[in-house]
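Residue numbers (my numbering): 41 to 403.
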């Protein structure tokens with residue numbers, strides 16, 4: 041029977057707070073054996089550091105490893121795959137994962153370089169990392185942050201890093217909501233420990249971190265995302281994959297039947313709410329099955345133009361086409377390789393924000 045408790049701890053002592061959460065949960069009694077293959081799945085969607093609000097704090101990784109090793113668990117690996125437009129290896133390097141691997145003698149696995157098993161559920165076929173499937177115990181370590189397409193990303197969406205790049209692209213072609221929900225019926229973390237230290241509440245790629253200084257732990261990823269959405273002020277109708285995940289029996293959205301267990305008192309003021317600038321700037325775009333990396337770079341470009349004051353003077357009223365749905369089609373304005381037939385565009389995969397800005401400002 042699933043534990044309906046959401047455990048929360050506040051403060052900036054990330055390593056010890058991580059250990060305190062695991063101790064409260066008594067994780068050592070939940071893992072099947074001391075020989076169990078344990079996997080840690082952080083968020084390294086882009087090759088950037090946690091202070092940007094995009095990626096999992098390495099202190100959480102270290103805290104989990106230290107706690108488990110102190111309890112006699114040695115077969116531990118860190119498993120992740122960056123989004124389509126970035127390098128997991130570069131993310132490992134920038135964040136010191138190589139040193140963590142050597143210090144604690146844990147394996148580093150890049151799912152982009154892994155072999156995959158195909159799974160079909162609810163009419164969707166996806167390729168899932170064999171290393172993920174070979175685990176006995178999976179610890180999901182997402183960041184609570186905003187997302188330019190789904191408004192929020194936390195427990196459920198973090199599992200996209202378990203997929204092949206081909207499947208990640210396919211998820212976007214299908215619109216994210218159903219594929220994310222279905223993925224959570226196939227890959228089922230044993231626990232989710234959320235990094236709520238300083239996530240960017242508007243944007244998954246980071247850049248505007250919001251200090252929150254809290255960590256969360258729960259078994260049910262759907263319940264965790266339901267709670268996270270409530271913290272950020274989103275209704276479940278706004279984040280479709282949560283409710284659909286419940287309907288597919290990936291978890292529960294019933295917070296009334298859960299227990300919120302705070303291990304200490306908050307150290308920061310009430311949680312800030314997203315500004316939703318990504319949603320506002322999306323009015324300039326016409327996405328069709330756009331991948332997160334390409335779309336994020338477009339939103340970044342528009343935000344930089346807004347900050348510079350050049351967005352309001354944009355000479356075209358044409359919306360900017362982006363995404364796989366435009367392959368082979370002609371349009372006036374488009375960005376990305378999929379919009380290669382655009383009259384005006386940046387033809388690259390992914391298109392860089394600086395090139396998009398240059399193109400738009402020269403129209």
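Even for Gly, the Cβ is constructed at its ideal location relative to N, Cα and C.
- Counting only the Cα atoms, residue 307 lies some 19 Å from residue 240.
- Looking at 295, 257 and 289, the one whose alpha-carbon comes closest to that of residue 275 is 295.
- A straight line joining the alpha-carbon of residue 137 with that of residue 148 spans about 8 Å.
- Within 10 angstroms of the beta-carbon of residue 204 lie 16 or more other beta-carbons, which makes it buried.
- Beta-bridge partners of residue 67 (DSSP): none assigned.
- One thing to note: residue 243 has its Cβ within 8 Å of the Cβ of residue 188.
- The three-state secondary structure of residue 180, taken from DSSP, is strand.
- A check of alpha carbon separations from residue 289 across 347, 260, 401 and 313 identifies 260 as the nearest.
- Distance from the CA atom of residue 185 to the CA atom of residue 355, rounded to whole angstroms, is 33 Å.
- When DSSP states are grouped into helix, strand and coil, residue 317 belongs to the helix group.
- With a contact defined as Cβ atoms closer than 8 Å, residue 273 and residue 313 qualify at about 5 Å.
- Taking C-alpha positions only, residue 357 is separated from residue 146 by approximately 53 Å.
- Here residue 141 has 148 as same chain residues with Cβ atoms under 6 Å from its own Cβ, once five neighbours each way along the sequence are excluded.
- Taking the Cα positions, residue 222 is about 16 Å away from residue 190.
- For residue 210, the secondary structure class from DSSP, reduced to helix, strand or coil, is helix.
- Straight-line measurement puts the Cα of residue 81 at about 6 Å from the Cα of residue 118.
- Residue 157 has 168 as its beta-bridge partners, per DSSP.
- At the C-beta level, residue 49 and residue 230 stay beyond 8 Å of one another.
- Across the structure, residue 382 and residue 367 are spaced so that their CA atoms are roughly 10 Å apart.
- In the three-state scheme derived from DSSP, where H, G and I count as helix and E and B as strand, residue 399 is classed as helix.
- Checking the DSSP bridge columns, you'll see residue 302 partnered with 48.
- For residue 327, the enclosing beta strand (DSSP E) starts and ends at 325-327.
- The continuous beta strand (DSSP E) containing residue 386 extends over residues 382-386.
- In this structure, DSSP gives residue 256 an extended state, which the three-state scheme calls strand.
- For residue 235, the uninterrupted beta strand (DSSP E) run begins and ends at 231-236, by DSSP.
- Under the 8 Å Cβ criterion, the region 157-165 does not count as touching the region 107-125, having fewer than three qualifying pairs.
- Residue pairing from DSSP places residue 79 in a beta bridge opposite 117 and 178.
- The shortest C-alpha to C-alpha distance from residue 384 to any of 396, 143 and 392 is the one to 396.
- When beta bridges are read from the DSSP output, residue 375 appears opposite 386.
- In the structure shown, residue 186 adopts extended strand secondary structure according to DSSP, grouped into three states.
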